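Per my numbering, residue 2 is the first one in the sequence shown, and the count goes up by one each step.
Cβ atoms here follow ideal geometry from the backbone N, Cα and C, with glycine treated the same way.
Bear in mind that the values here come from a model prediction, so they are computed numbers and not experimental data.
Notes follow the structure.
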Amino acid sequence: SHELKTPLAGLSLLAETLQSTIKDDPEQAAKFVDRLSTEVSRLGDLTNDLLTLSRMEEPQPAPGAESTPFDLSALVEQTADELQAQAEAKQHQLVVETMDQVVMQGDGVALRTLTRNLLENAIRYTEPGGLIELRLKTETSSDGRQWAVLSVSDNGVGIPLADQQRVFERFYRVDKARSRETGGTGLGLSIVRHAAERHGGSVQLKSTVGVGSVFTVRLPLS
Ligand SMILES: Nc1ncnc2c1ncn2[C@@H]1O[C@H](COP(=O)(O)OP(=O)(O)OP(=O)(O)O)[C@@H](O)[C@H]1O
Ligand SMILES: [Mg+2]
Numbered sequence: 002s003h004e005l006k007t008p009l010a011g012l013s014l015l016a017e018t019l020q021s022t023i024k025d026d027p028e029q030a031a032k033f034v035d036r037l038s039t040e041v042s043r044l045g046d047l048t049n050d051l052l053t054l055s056r057m058e059e060p061q062p063a064p065g066a067e068s069t070p071f072d073l074s075a076l077v078e079q080t081a082d083e084l085q086a087q088a089e090a091k092q093h094q095l096v097v098e099t100m101d102q103v104v105m106q107g108d109g110v111a112l113r114t115l116t117r118n119l120l121e122n123a124i125r126y127t128e129p130g131g132l133i134e135l136r137l138k139t140e141t142s143s144d145g146r147q148w149a150v151l152s153v154s155d156n157g158v159g160i161p162l163a164d165q166q167r168v169f170e171r172f173y174r175v176d177k178a179r180s181r182e183t184g185g186t187g188l189g190l191s192i193v194r195h196a197a198e199r200h201g202g203s204v205q206l207k208s209t210v211g212v213g214s215v216f217t218v219r220l221p222l223s
């Protein structure tokens, strides 16, 4: 895709420039090496995201075939722990509220990625010193079905109404300039949606510019 070609073209241009600079201007060349390694790691992230997405798009294994029941609560708490340092680096407060045990069956790797992507966004798109809340509870719908309800809220920049559907599309970013600065590729939320839908669930967004965003994921428990 052209999203892969662009960084690749950038990389080969950097490499070429480096080759012609290295003798004449070693200091400048050192800067190119820095940029080269930044671009390489960005490309690595993109490749990982694309692999995750293509895995997510494969048909789900038959229920019970490969998946063993796991505690979604523990999975969510663990993922939040992993991102605590990232939140602290931006002086955010990360509040986690889960239930004792929410046992479900499914693709644990996908749900870990889902949780991580939502938290990473909340951390990334919130000004330093923000409040990020991760909640997990269960709900019974009117038809008697049990659901796990996972929500991630922030008091960050928010998403304009006109973009709220589109953020779930592949490579869609609201503010391209800002996203480039923060290193996003625009795949995170499409992975979130695929992961939710793969489990027969859904993801919903409520957001107000300048106030914050809430992403709510509903997953059937039975
Ligand atoms: N919590 C949020 N607050 C404000 N804007 C958000 C939030 N989450 C996502 N967005 C907007 O939606 C866009 C798409 O998000 P998505 O996670 O898919 O991509 P990304 O964060 O840009 O890159 P990636 O997740 O692939 O590294 C973001 O670029 C950002 O503009
Ligand atoms: Mg993201």
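Taking 8 Å as the upper bound for CB-CB distance, serine 154 and tryptophan 148 are not in contact here, some 18 Å apart.
Judged by their CB atoms, leucine 76 and arginine 43 are not nearer to each other than the 8 Å cut-off. Annotation: lysine 91 is outside any beta strand (DSSP E) and is labelled neither H nor E by DSSP. Of all C-beta pairs linking the region 131–141 to the region 69–83, three or more are shorter than 8 Å, placing the two stretches in contact. In this structure, glycine 157 lies away from glycine 189, with their beta-carbon atoms at least 8 Å apart. At a cut-off of 7 Å, the beta-carbon of glutamate 83 does not count as near ligand 2: no heavy atom of the ligand is closer than that. Under the three-state reduction of DSSP output, glutamate 40 falls in the helix class. Between ligand 2 and the CB of glycine 189, the shortest heavy atom gap is smaller than 7 Å. The nearest non-hydrogen atom of ligand 2 is less than 7 Å from the C-beta of glycine 185. Nearest to aspartate 82 by C-alpha distance, out of Pro70, Leu95, Phe71, is Leu95. Linking serine 21 to arginine 117 through their CA atoms gives a straight-line distance of about 41 Å.
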